[in-house]
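Working notes, beginning with the structure itself.
There are 2 protein chains.
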Amino acid sequence: MRNPHSNGNLPKLEEGRESAEENGYGDGVILGLDGGATSTVCVCVPFFPYGDRLPEPIPILGRAVAGCTNRNSVGETAARDSLEQVISEALVQSGSDKSHVRGVCLGVSGVNHPSDQEMVQNWIRWDMFPSHVKVYVQNDAIVALASGTMGKLHGCVLIAGTGCIAYGFDEDGREARASGAGPILGDWGSGYGISAQALTAVIRAHDGRGPETMLTSTILKALGLSSPDELIGWTYDPSWARMAALVPQVVSCAEAGDEISDKILVDAADDLALSMEKLLSGCNGGRCPKRQYEMGHWKRSLGASTDTFRAQTIIPKVEPAVGAALLAMNFLTVKIDVS
Amino acid sequence: MRNPHSNGNLPKLEEGRESAEENGYGDGVILGLDGGATSTVCVCVPFFPYGDRLPEPIPILGRAVAGCTNRNSVGETAARDSLEQVISEALVQSGSDKSHVRGVCLGVSGVNHPSDQEMVQNWIRWDMFPSHVKVYVQNDAIVALASGTMGKLHGCVLIAGTGCIAYGFDEDGREARASGAGPILGDWGSGYGISAQALTAVIRAHDGRGPETMLTSTILKALGLSSPDELIGWTYDPSWARMAALVPQVVSCAEAGDEISDKILVDAADDLALSMEKLLSGCNGGRCPKRQYEMGHWKRSLGASTDTFRAQTIIPKVEPAVGAALLAMNFLTVKIDVS
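Structural data, given as C-alpha cells:
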C-alpha cells in the first residue's frame, strides 16, 4: 500500500513517539486536502514543527483523489462521502490510520462563511476523528495561497479556473477577498463566466440583439449542435466544468480576430485585475490589509492584455493539498509555541 | 365532478355526434395546455369550428392545475408525469374521457427546437391518445399570444415573468423570436435576470468591485441573511422562481432612489424593448416577418421608462390555456377546410 509518490521517508508510526525522534519529523501525521469544483486531492505527510527550514522535498506518505466536495454543487451527502473516502484512502496509502492523525486542514470550495466552515468541521470532527485532533477548514483559495508561500498566510492568490477568486492576507493575518461568488453572481473572470458570456453572444447574434460572431459556428461545431436554439436546452445542465470547457473555443475565436470573443476575454481579464486591485487597496468591509503586499509584476493570465502591480509572482512548488498540510503544521506549531 | 368554472354548456358527449348538433359545438372536446416555469394549466373545451364568431364566453368544461412541466428544469420524468396528470384531471372534470378528444394543443416552456417539440408530441401521442388525435406542441409564448388574439397566429407577445421571451407571427405565418434563452444566456429582462443583476451588485459592493447600494440591506433582510457571503450558498438553489421573487425588493430600492437598482430595471426594460424591436424589424436568421405589425403604442411594463412602438396593446380576455385550445381549434378547422 506504499504510495508511489512518496519519497520513502515513511516514519515508523506504529512505534509511536520513538519513531518521531528517529526520523526527525516529530510524531504522527497531518492530512492536507484541496477540494475544488472538479476534483479533491488529499495528502498525508509526517508531522514536523513548522519553521523557516522545511524538509525539501516535503515527504508525501499518501495521496488520494476523489470527485467534487463542494456541497453547493454536489449536495451535502455526496460531498461528505467524498471527503471521508479521500481521507481514508490517503491514510491507507500512507500505512497509517486515524489514531496517528494530529491535524487536518481542508481547503474546500464553497466554504464562504463561518457557518460553512463549522458544518464541514463537524462532519470531520464527529464522524472521523476524536476531539483532540485539530481540524481546520478553509476556502480552497487559502490552501492554494499556502502552496505558494509554503504554509505561511501572507500574500495574495488569484485563481482563475472553472471558477475564480482572489484572496489575500497581510502580515498581521488580516484577510481580504474579492469575487469567488459562483456562476450567477458575476464571477466574470472565471471559465464559467467567459463561457456564459460567449453563449449569450451567440444567442444575441441569433435573435438580432447583438452583432454576428465567429463564436456561433465555432461553439455549435464543438458541441455537435446544429442551431443556437439547441444551446438553450444544453445550458440547463448544471455542470460548471462543462460550461468552462468552452473557453478554448473563445480563445481560438479571439486569436482569429473575432472582436466579440476578444472583448469577452479582455473583460474577464479586467475583472480579475479589478479583483486583485480591490484586494490590494483593501475594500473588503473593514477587513482590508494594512499595507500593500511586496509584489513586483503580475501578468494577466488570459493573454488578452497585461497589467502591472507591485507584486512578486510566485509559482507554487507544491500542490494545494500539500499547502493545506503545511498550513495545518503552521497552525499546530504556533499553538504549541503559545501553550 | 362538474367544473365550477364551467358556464354550464356541457355537451352531451356520451351521446356522440348527435349531442354536437344539439349544442352547436360540433363533436368531441379539445384540450388546451399552458405549461410555464412555475405551474401548468389544462382546460377542456367543446370542439367548435374556428371562425370570426366564437362563442362568448368560451365554454370551459374542465380545468386542472399542476406543477412545472419544463423538462429542462424538473427533468423528463417529472415533466411527463405532470402533463399526464393535469390532462387526466381536466378530462375527469369535464365529464368526458380520452375517446372524446379530437385535438390537443400544448404550450410548454422549454420547447425551443423541433426536437423538443417532437419529444413532447411523442409523450402525448403514444402514451395517451390514439394516432387520429391531433397533437400540437408549441412554446408557451405562442399560446400566450393566442390568448390575446383568440386563437389567431398574428401579432407579437412579450412575456416578462420569471423568464422572458418575445415571439411574433406575421399574417403569412412567418415567425420570429427574441430572448427566451433561460437564466444563463442573457435574459436580462426576466425576473430571474433582474434578481441575478441585483445579487451581483450586492456581491460587488461587498468586495469593493462595485459601488454601495441599498440592495444590500434590503435583500439580506428579505432573505433573513446576515452577510453578503451567505448569498453565495443561497444562489446555488436552482429554482428560478426563488430568484425572481426578489424583484419587488429591486423595485422598492429603485423607488427609494437607489441608482444601482434603477439602472438594473432600466437595463431590463431596455432589453425587453430591444427584443421587441428586433422581432418587429425581423432579424431572426431569415425567419423575419415581412411587414411591421399594425400596432399603435406599447408601454414598457417595468415602470422605469416608456417607449413607443407602432403597436396596439391587447389585454387577453382568456387565459393562455384557453388560447392553446383556440389554437388547436384553428389548426383543426383549417385542416378540415383543406381536406
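The listed protein sequences correspond, in order, to chains A and B. Under the working numbering, the residue at position 85 of the first sequence is numbered 114, and the numbers go up by one with no gaps. Under the working numbering, the residue at position 293 of the second sequence is numbered 322, and the numbers go up by one with no gaps. Yeah, the Cβ is synthetic: ideal placement off N, Cα and C, and Gly gets one too. Note that the structure is a prediction, hence the values are computed from the model and not measured.
Using a Cβ cut-off of 7 angstroms, pull out every chain B residue sitting near residue i, in sequence order please.
i	result
T372/A	No statement about residue 372/A is possible, as the shown extent of chain A runs from 30 to 368 and does not include it.
K307/A	D236, G237 and R238
L252/A	In chain order: nothing, as chain B lies at least about 13 angstroms away.
Can you tell me where the beta strand (DSSP E) holding residue i begins and where it ends?
i	result
D300/B	No beta strand (DSSP E) contains D300/B, which is instead part of the alpha helix (DSSP H) from E288 to S310.
C193/A	C193 to F198
V347/A	Neither: V347/A is in no beta strand (DSSP E) and is coded neither H nor E.
T69/B	T69 to P75
V140/A	V140/A -> no beta strand (DSSP E), and no H or E assigned at all.
G177/A	Note, G177/A: premise wrong, no beta strand (DSSP E); alpha helix (DSSP H) at D169 to T178.
A283/B	Premise fails: A283/B lies in the alpha helix (DSSP H), V276 to E284, not in any beta strand (DSSP E).
C185/B	G184 to A189
Residue range of the alpha helix (DSSP H) that residue i falls in?
i	result
G106/A	Checking the sequence, you will find Thr at residue 106/A rather than Gly. Start and end: E105 to S123.
I89/A	From DSSP, I89/A is part of no alpha helix (DSSP H); its letter is neither H nor E.
K250/B	L244 to L252
G64/A	Unbroken run through G64/A is the beta strand (DSSP E), V58 to G64; no alpha helix (DSSP H).
G262/A	D258 to W263
R271/A	W269 to A273
Only counting the same chain, and skipping five residues up and downstream in sequence, which positions put a Cβ closer than 7 angstroms to that of residue i?
i	result
S123/A	N32, V58, C73, L90 and G91
L260/B	L228, V231, I232 and L254
R316/A	For R316/A, the predicted model reports a pLDDT of 41, less than 50, meaning its position is unreliable; a value from the coordinates is still stated below. Excluding positions up to five away in sequence, the list reads R203, E204 and A205.
A189/B	G218, S219, L301 and S330
T264/A	L228
V166/A	L135, V137, V140, Q146, V149 and Q150
C282/B	M243, L244, T247 and S290
Which residues in chain A have a C-beta closer than 7 angstroms to the C-beta of residue i? List them in chain order.
i	result
T229/B	L214 and G215
D258/B	N141 and H142
E101/B	One detail in the question is off: residue 101/B reads as Asn in this sequence, not Glu. Going along chain A in sequence order, the residues near N101/B (Cβ under 7 angstroms) are G262 and Y265.
What does residue i touch in chain A if you count any residue whose Cβ is under 8 angstroms from its own?
i	result
L303/B	R238
Whose C-beta lies closer than 6 angstroms to the C-beta of residue i among residues of the same chain, with five residues either side of it excluded?
i	result
E50/A	For E50/A, the pLDDT reaches just 38, beneath the cut-off of 50, and the residue's location in the model is therefore unreliable, although a value from the coordinates is still provided. Closer than 6 angstroms at the Cβ level, and outside the excluded window around E50/A, lies no residue.
A207/A	A195, S304, K307 and L308
H235/B	P257
I343/B	G177
A95/A	T69, S111, Q114 and V115
G209/A	I194
At a CB-CB cut-off below 8 angstroms, which residues of chain B make contact with residue i?
i	result
D145/A	G262
Can you name, in chain order, every residue of its own chain whose Cβ lies under 8 angstroms from the Cβ of residue i, other than the five neighbours on each side?
i	result
D126/B	L120
K163/B	R131, G132, V133, A357, F360, L361 and K364
G332/A	Here the model assigns G332/A a pLDDT of 31, short of 50, so the residue's position is not dependable and the matter cannot be decided.
A66/B	C97, N99, S102, S138, G190, T191, G192, W269 and A270
R320/A	The predicted position of R320/A is uncertain, since its pLDDT is 31 and thus under 50; a value taken from the coordinates is nonetheless stated next. Excluding residues within five positions, the ones whose Cβ falls inside 8 angstroms are D199 and E200.
G197/B	L174, G184, C185, V186, E204, A205, R206, L308, L309, P318 and Y322
D287/A	T242, M243 and L244
V351/B	G61, V72, V74, I87, I89 and S176
G80/A	T362
What in chain A is Cβ-close to residue i, meaning under 9 angstroms?
i	result
S208/B	I232, R233, D236 and R238
Residue i touches chain B at which residues, Cβ-Cβ below 9 angstroms?
i	result
A225/A	I213, L214 and G215
With respect to 8 angstroms, is the separation between the Cβ of residue i and the closest non-hydrogen atom of the ligand FAD below this value?
i	result
W269/A	Absent from the structure shown: the ligand FAD. Ligands present: none.
Review point. Should the region 208-225 of chain B be called in touch with the region 265-278 of chain B, which here means at least 3 C-beta pairs below 8 angstroms?
Key: yes
Practice item. Starting from the N-terminal side, write out each stretch of the alpha helix (DSSP H) that is 4 residues or longer and does not extend beyond the region 209-235 of chain A. Key: none
Exercise for review: Evaluate the contact criterion for the region 350-360 of chain B versus the region 169-183 of chain B: three or more CB pairs, one atom per stretch, below 8 angstroms.
Suggested key: yes
**Study point:** Touching by the beta-carbon criterion (3+ pairs, under 8 angstroms), the region 150-160 of chain A and the region 111-123 of chain A
**Key:** yes
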